[in-house]
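Novice:
Residue numbers (this note's numbering): 6 to 532.
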């Protein structure tokens, strides 16, 4: 092979997992942070999705490596089980004995006993399921029921689902709504951008003790474009280029050689990668206002996320570009806005900020009753957006034509916009003449019916919890809507200048949900 020819200690681009070649891009680090947050004290489920070869296994291995000592983790690969077989597989993974021909009830019982025994020793049990998109809906529901096993304050079993984008679609099924609502941490891995692709190639070559400049800038650019930033394809292309150069006796890699290797590898890839190429490029931050400092993204690889990072954004972003001074409206942003006439594309980006892939209906802000995220169009001003503290699609008038941009950050007199696959920072004063007050936003839905005195159930307890949170009053455990809870609803309605009737109707509940979002992206700067 080409080891000695290029001076490598080992093959730098083998697709066999190797801990020494664990490259964590900013996106992979963000995924780890969000998933660890979702699997924190209160969460029972987290979900990681991404196309084939984007590094889901890499993230899973990094999470396993960062687990505290008193965590017992198990991994189930490529599951195609019935509900009974799933419980048997979990028992086998954790070496839990069970009788032959055990029923679902018996398997649940032995698992409960195992989980209680581990909890008594201070051990948290974590189950990872790879290729989870293959699990049937009834099996996923059985998994949800298994996580009902808990003490008064602690989930005995935590689950990380890892799968391809089809897993997101499966969780939209009405019968899986309860499971979808339990997922407190989710992340969708996107491919590497051009700069990250170059860093990835250099990193792997350095780990193999080779020359990190073997692949020059143009070579890396071409590889990033042709592989769409998929790490597995990058490995295959680089390996093919090195083999071809070795066989031709070429000590350096020409662009022609790189193009030939790309053609060789990509001609055998499925069409899924061609779909990715039609997507807008990964946003790059363009600073378009004066006297702005850089932003540092602090990645905390800890099992429990510190409070200040609980609302960290879900949308992966590239490195910061140094600021430039602008005395007129930036031409680059103007051009981008003039081309951003599709509200559907803007809503698709907004869903991506939350870590979701929007359906066709959702791109038109049409929310189905069983949706995890609700979409609503409103009118307001900057203070309205600051109160909600959620990213939103703004309707901006450019030359009397409505255009659409995602408001991603709002700090002081600065705004950050996602437009046409790019990220721009601009002084808010430039936007004020363009914005007519119309916006659309998403939030996590928690209520499905109007609540009033005499009603009872878990949604009444949720109403009490959320009202106590926003009103600053002590929370009283209850599942009965009584006079005291009606009084709290009236207080909230007066505070929000709404019709006061003590009934938690559609508008009251939506406003309450908007003000009490957990694990949601924020308009505020990180840090």
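For glycine and all other residues, C-beta sits at the position ideal for the given N, C-alpha and C.
Give the DSSP bridge partners of residue 223, in chain order.
Specialist: BP columns for residue 223 are empty, so no partner.
Novice: Would you call the CB atoms of residue 59 and residue 236 closer than 8 Å?
Specialist: Here residue 59 is near residue 236, since their CB atoms are less than 8 Å apart.
Novice: Using the C-alpha atoms, what's the distance from residue 38 back to residue 169?
Specialist: 20 Å
Novice: Closer than 6 Å by C-beta to residue 275: which residues in its own chain qualify, once you throw out the five before and the five after it? Chain order, please.
Specialist: With a pLDDT of 48 at residue 275, under the threshold of 50, the predicted position of this residue should be treated as unreliable, though the coordinate-derived value follows. Within the same chain, residue 275 has no close Cβ partners at all.
Novice: Where does residue 228 fall in DSSP's three states?
Specialist: DSSP, reduced to helix, strand and coil, places residue 228 within a helical segment of the structure shown.
Novice: What are the partner residues of residue 129, as DSSP defines its beta bridges?
Specialist: 76
Novice: Could you check the C-alpha separation between residue 325 and residue 434 for me, to the nearest Å?
Specialist: A caution first: residue 325 carries a pLDDT of 37, below 50, which makes its placement in the model unreliable, though a value can still be read off. About 22 Å.
Novice: Grab the span of the beta strand (DSSP E) containing residue 431 for me, first residue to last.
Specialist: Taken as a continuous stretch (DSSP letters only), the beta strand (DSSP E) holding residue 431 covers 427 to 432.
Novice: In the DSSP assignment, what residue or residues form a beta bridge with residue 421?
Specialist: 414, 430
Novice: Which first and last residues belong to the beta strand (DSSP E) in which residue 350 is found?
Specialist: Where residue 350 is concerned, there is no enclosing beta strand (DSSP E), although the alpha helix (DSSP H) it sits in stretches over 348 to 359.
Novice: Using three-state DSSP, classify residue 256 as helix, strand or coil.
Specialist: coil
Novice: Closest by CA to residue 141, which one among 115, 175, 123?
Specialist: Ranking the options by Cα distance to residue 141, first place goes to 175.
Novice: Can you give me the C-alpha to C-alpha distance between residue 214 and residue 421, rounded to a whole angstrom?
Specialist: Roughly 41 Å between the two C-alpha positions.
Novice: If residue 262 sits next to residue 269, beta carbons under 8 Å apart, how far is it from one beta carbon to the other, in whole angstroms?
Specialist: So it is not a contact: roughly 11 Å between Cβ atoms.
Novice: Given a threshold of 16 other Cβ atoms within 10 Å of its Cβ, counted over all protein chains shown, does residue 353 qualify as buried or as exposed?
Specialist: buried
Novice: Taking residue 88 as the reference, give the member of 44, 151, 115 with the closest Cα.
Specialist: 151
Novice: Starting from residue 53 and walking both ways along the beta strand (DSSP E), at which residues does that stretch end?
Specialist: 50 to 55
Novice: Of the choices 393, 338, 35, whose alpha-carbon is the least far from that of residue 384?
Specialist: 393
Novice: Assuming residue 9 is part of the beta strand (DSSP E), what are its boundary residues?
Specialist: Taken as a continuous stretch (DSSP letters only), residue 9 belongs to no beta strand (DSSP E), being part of the alpha helix (DSSP H) at 8 to 11.
Novice: Which of the three DSSP states, helix, strand or coil, is assigned to residue 481?
Specialist: coil
Novice: Give the range of the alpha helix (DSSP H) segment to which residue 95 is assigned.
Specialist: 88 to 98
Novice: So residue 167 and residue 61 are supposed to be a Cβ contact under 8 Å. How far apart are they, rounded?
Specialist: 5 Å
Novice: I need the DSSP call for residue 28, collapsed to helix, strand or coil.
Specialist: coil
Novice: Would DSSP call residue 103 helix, strand or coil?
Specialist: For residue 103, the secondary structure class from DSSP, reduced to helix, strand or coil, is coil.
Novice: What three-state label does DSSP hand residue 41 in the structure shown?
Specialist: helix
Novice: Count the other CB atoms, across all protein chains shown, that sit within 10 Å of the CB of residue 369; report buried if there are 16 or more and exposed otherwise.
Specialist: With a 10 Å radius around the Cβ and a threshold of 16 neighbouring Cβ atoms, residue 369 comes out exposed.
Novice: Which class does residue 407 belong to by DSSP, given the choice of helix, strand or coil?
Specialist: Three-state result, residue 407: strand.
Novice: Cβ of residue 467 within 8 Å of Cβ of residue 496?
Specialist: Contact: no.
Novice: Between the C-alpha atoms of residue 416 and residue 102, what's the straight-line distance to the nearest angstrom?
Specialist: 56 Å
Novice: Alpha carbon to alpha carbon, how far is residue 515 from residue 69?
Specialist: 38 Å
Novice: Hey, quick one: how far does the alpha helix (DSSP H) through residue 518 stretch, first residue to last?
Specialist: 511 to 520
Novice: What residues match up with residue 164 in a beta bridge as DSSP calls it?
Specialist: 50, 132
Novice: To the nearest angstrom, how far is the alpha carbon of residue 13 from that of residue 204?
Specialist: 18 Å
Novice: What's the C-alpha gap between residue 23 and residue 272?
Specialist: 27 Å
Novice: Taking the beta carbon of residue 266 as the centre, do at least 16 other beta carbons fall within 10 Å, making it buried, or is it exposed?
Specialist: buried
Novice: Run the CB neighbour count on residue 135, radius 10 Å, all protein chains shown included, and call it buried at 16 or more, exposed below.
Specialist: buried
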